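2 protein chains.
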Amino acid sequence: MPKQVDHEERRAAIVSALWKLAGERGLDRVSLRDTARGAGMSLGQLQHYFGTREDMLVFAMDFISQKVTERVTERVMALEERTPHQILRMCVAEMLPLDDRKRQGSRINISFYVEALDNERLLAHSQEGARKLLDFFEQQLSAARERREIPADRDPRREGMIMMSVIDGLTSYYHLGLHTAEEALEMAMRHLDTLFGAPGAAHETKR
Amino acid sequence: MPKQVDHEERRAAIVSALWKLAGERGLDRVSLRDTARGAGMSLGQLQHYFGTREDMLVFAMDFISQKVTERVTERVMALEERTPHQILRMCVAEMLPLDDRKRQGSRINISFYVEALDNERLLAHSQEGARKLLDFFEQQLSAARERREIPADRDPRREGMIMMSVIDGLTSYYHLGLHTAEEALEMAMRHLDTLFGAPGAAHETKR
Chain A
1 MPKQVDHEER RAAIVSALWK LAGERGLDRV SLRDTARGAG MSLGQLQHYF GTREDMLVFA
61 MDFISQKVTE RVTERVMALE ERTPHQILRM CVAEMLPLDD RKRQGSRINI SFYVEALDNE
121 RLLAHSQEGA RKLLDFFEQQ LSAARERREI PADRDPRREG MIMMSVIDGL TSYYHLGLHT
181 AEEALEMAMR HLDTLFGAPG AAHETKR
Chain B
1 MPKQVDHEER RAAIVSALWK LAGERGLDRV SLRDTARGAG MSLGQLQHYF GTREDMLVFA
61 MDFISQKVTE RVTERVMALE ERTPHQILRM CVAEMLPLDD RKRQGSRINI SFYVEALDNE
121 RLLAHSQEGA RKLLDFFEQQ LSAARERREI PADRDPRREG MIMMSVIDGL TSYYHLGLHT
181 AEEALEMAMR HLDTLFGAPG AAHETKR
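Line by line, the protein sequences are chains A and B.
Just so you know, the UniProt record's numbering puts 192 at position 192 of the first sequence, and the rest follows in order with no gaps.
Just so you know, the UniProt record's numbering puts 120 at position 120 of the second sequence, and the rest follows in order with no gaps.
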């Protein structure tokens, strides 16, 4: 199905152009027309795929989060020891702005977030994405609690939300220049490891 | 000195107009001209106080954070028991979007933050504000550690940054609709109380 492949390639080219422009000048200053130009096509051609800027943003959010999920899944599969603790350590490292691509990604995520606050459809979409991530964290922390690796009195959903907040906050303050990305990583890991090392967790238990 | 008072009142009126407009349409869509109109003065009159939009934003940031500091200081002074734990609990409650004014305030803070990412002067200013807040948290947590109310192996600066991140993250996810402000408060308090109740801290110690 060569035609199918072509369409997917074009969509990917559009997202890539959008990503580049958003990184340069901020998402709010990127129009459909600019993106078409950046992707080497006419506005009409781009509108064959995305009728509105909103359609394009929703697709881009999904596309990028799918890529991140794929990358994280791949790295989880490559872990020697797939315990909740190791999986969460890996996710934390992937989510922090430790290289240029992730730095740009987190800047664009901030822009997405701000646009979503004033747009119901983007808001619903962002909310769904955040909820999925929270479900994932909760699931890992529930498994950890069952394995008695975190204390029984820690609520997995609450600790998941705290963990997501820690990652986001450390990323925001990184962009503000309060610490390096490596320092952010160290702090996030200490937070996670403290939860796993907290008394009430049976340290050596491995089933 | 009636003239002096008048100037201060005018500046306050300008900030109040800016605040109102920023809450309605987002800070990025508020110009000097709009703000002058909102404050019931001409653009020329406003420019007597603030030559540029950037000057106005810097002043507004300082003005608002000064008001917050005054309110928090007042409430700290009113506490019956001024322990680090009680002071921090009070700060957490003040920083979360628990009423309409604070909700609007946190929305405007998010806008400030985003503008600062692309503006060196605003960035330096935001950074300084965040650093002062971090110093304050560190100071309270150091005092708590000296009183043996938090474990000796917890670094006060790191825990302060984690606490600020938790508050910011919970606020962001509140605006995204993941939880209510009351749920955010409950999670933040549990996080703080867990630190204070953590084994290694001498629970009953009060000097």
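In this text, a Cβ means the ideal position worked out from N, Cα and C, and glycines have one as well.
Everything numeric in this text was worked out from a predicted model, so none of it was measured.
Backbone CA spacing between residue 233 of chain B and A:I14 [nearest angstrom]: Because chain B in this structure spans residues 1 to 207, residue 233 of chain B falls outside the shown range and cannot be described.
Integer-rounded CB distance, given that A:P84 should sit under 8 Å from A:T171: Indexing the first sequence from 1 puts residue 171 of chain A at position 171. Indexing the first sequence from 1 puts residue 84 of chain A at position 84. About 22 Å; that fails the 8 Å criterion.
Nearest-angstrom Cα separation, counted from B:M61 out to A:L195: Residue mapping note: residue 195 of chain A aligns to position 195 of the first sequence, counting from 1. Residue mapping note: residue 61 of chain B aligns to position 61 of the second sequence, counting from 1. Each residue's Cα considered, the two are about 36 Å apart.
B:Q104 to A:H7 span [Cα, whole Å]: As a working mapping, residue 104 of chain B is identified with position 104 in the second sequence. As a working mapping, residue 7 of chain A is identified with position 7 in the first sequence. For B:Q104 and A:H7, the distance between alpha carbons rounds to 43 Å.
For A:P199, the residue or residues it bridges with in DSSP: The sequence position of residue 199 of chain A within the first sequence is 199, counting from 1. Answer by DSSP bridge pairing, in chain order: A:A201.
Backbone CA spacing between B:K20 and B:E94 [nearest angstrom]: Translated into the one-based positions of the second sequence, residue 20 of chain B becomes position 20. Translated into the one-based positions of the second sequence, residue 94 of chain B becomes position 94. Looking at the two C-alpha atoms, the distance is approximately 20 Å.
Beta-carbon proximity check, B:S111 vs B:A202, cutoff 8 Å: Numbered from 1 along the second sequence, position 111 holds the residue referred to as residue 111 of chain B. Numbered from 1 along the second sequence, position 202 holds the residue referred to as residue 202 of chain B. In this structure, B:A202 does not lie closer than 8 Å to B:S111 by Cβ.
DSSP state of B:P156 mapped onto helix, strand, coil: Start at 1 with the first residue of the second sequence, and residue 156 of chain B comes out as number 156. Reduced to three states, the DSSP call for B:P156 is helix.
Reduced DSSP category for A:S126 - H, G, I as helix; E, B as strand; rest coil: Locating residue 126 of chain A in the first sequence gives position 126, counting from the first residue. A:S126: helix per DSSP, three-state reduction.
Spatially closest choice to A:R190 from B:V30, B:S42, B:E159 and B:S31, by CA coordinates: Start at 1 with the first residue of the first sequence, and residue 190 of chain A comes out as number 190. The residue with the shortest Cα to Cα distance from A:R190 is B:E159.
Own chain, CB closer than 6 Å to B:G200, minus 5 neighbours either side, in chain order: The residue you call residue 200 of chain B lines up with position 200 of the second sequence. Answer for B:G200: P151, listed in chain order.
Separation of A:L134 from A:Q86, as counted between CA atoms: To locate residue 86 of chain A, count along the first sequence from 1; it is residue 86. To locate residue 134 of chain A, count along the first sequence from 1; it is residue 134. The straight-line gap from Cα to Cα measures roughly 17 Å.
Chain B contact residues for A:R131, given Cβ-Cβ distances below 8 Å: The residue given as residue 131 of chain A occupies position 131 in the first sequence. Correct list: L178.
Chain A within 8 Å of B:H85, Cβ atoms only: The sequence position of residue 85 of chain B within the second sequence is 85, counting from 1. No, B:H85 does not count as interfacial toward chain A.
Cβ-heavy atom distance, A:E138 to the ligand FAD, below 7 Å: Inclusion of the ligand FAD in the displayed structure is not the case, the ligand content being empty and no account of it being possible.
N-terminal and C-terminal residue of the alpha helix (DSSP H) that A:M34 is part of: Position 34 of the first sequence, counted from the start, is the residue given in the question as residue 34 of chain A. The sequence as given places Asp at residue 34 of chain A; Met does not occur at that position. Per DSSP, A:D34 belongs to the alpha helix (DSSP H) from L32 to G38.
Under the three-state DSSP convention, the category A:F136 falls into: Counted from its first residue, the first sequence places residue 136 of chain A at position 136. It is helical.
Separation of A:S106 from A:R71, as counted between CA atoms: Mapped onto the first sequence, residue 71 of chain A falls at position 71. Mapped onto the first sequence, residue 106 of chain A falls at position 106. Their Cα atoms are separated by approximately 16 Å.
CA-to-CA distance, A:V166 to A:A181, given in whole angstroms: On the first sequence, position 181 is the one that residue 181 of chain A refers to. On the first sequence, position 166 is the one that residue 166 of chain A refers to. Between A:A181 and A:V166, the C-alpha separation is close to 13 Å.
Three-pair Cβ contact test at 8 Å for the segment 117–134 of chain B versus the segment 25–43 of chain B: no
CB-CB length for B:M161 against A:M187, believed under 8 Å: As a working note, residue 161 of chain B is residue 161 in the second sequence. As a working note, residue 187 of chain A is residue 187 in the first sequence. Right, the Cβ-Cβ distance comes to about 6 Å (below 8 Å), so this counts as a contact.
Neighbour flag for B:Q66 against chain A, beta carbons, 8 Å: Your numbering for residue 66 of chain B matches position 66 in the second sequence. For B:Q66, the answer is no, since every Cβ of chain A falls outside 8 Å of its Cβ.
Close Cβ partners of B:K206 (< 6 Å) along its chain, the five nearest in sequence each way excluded: The count along the second sequence starts at 1 and reaches residue 206 of chain B at position 206. Summary for B:K206: the model assigns pLDDT 41, below 50, so the residue's position carries little reliability, and this model does not support an answer.
Backbone secondary structure at A:T69 - three-state DSSP: Counting from one through the first sequence, the residue named residue 69 of chain A turns up at place 69. If DSSP states are grouped into helix, strand and coil, A:T69 belongs with the helices.
Proximity of B:R157 and B:E138 at Cβ, strictly below 8 Å: Residue 157 of chain B sits at position 157 when you count from the first residue of the second sequence. Residue 138 of chain B sits at position 138 when you count from the first residue of the second sequence. Yes; because the gap between Cβ atoms is below 8 Å, this pair is in contact.
Within chain A, partners of B:V114 - CB distance below 7 Å: For the purposes of this step, residue 114 of chain B is taken as the residue at position 114 of the second sequence. Neighbours of B:V114 on chain A, chain order: I110 and V114.
Reduced DSSP category for A:H7 - H, G, I as helix; E, B as strand; rest coil: Here residue 7 of chain A refers to the residue found at position 7 when the first sequence is read from its first residue. Here A:H7 sits in helix by DSSP.
Partners in chain A for B:R190, counting only beta-carbon separations shorter than 7 Å: Indexing the second sequence from 1 puts residue 190 of chain B at position 190. Ordered by position in chain A, the residues that pass the 7 Å Cβ test against B:R190 are R158.
Chain-order list of residues whose beta-carbon lies under 7 Å from that of B:E24 (same chain, five-residue window excluded): The residue you call residue 24 of chain B lines up with position 24 of the second sequence. Excluding residues within five positions, none has a Cβ falling inside 7 Å.
Chain A contacts made by the segment 140–172 of chain B, where a contact means CB separation under 7 Å: R158, M161, I162, M164, S165, V166, D168, G169, L170 and S172
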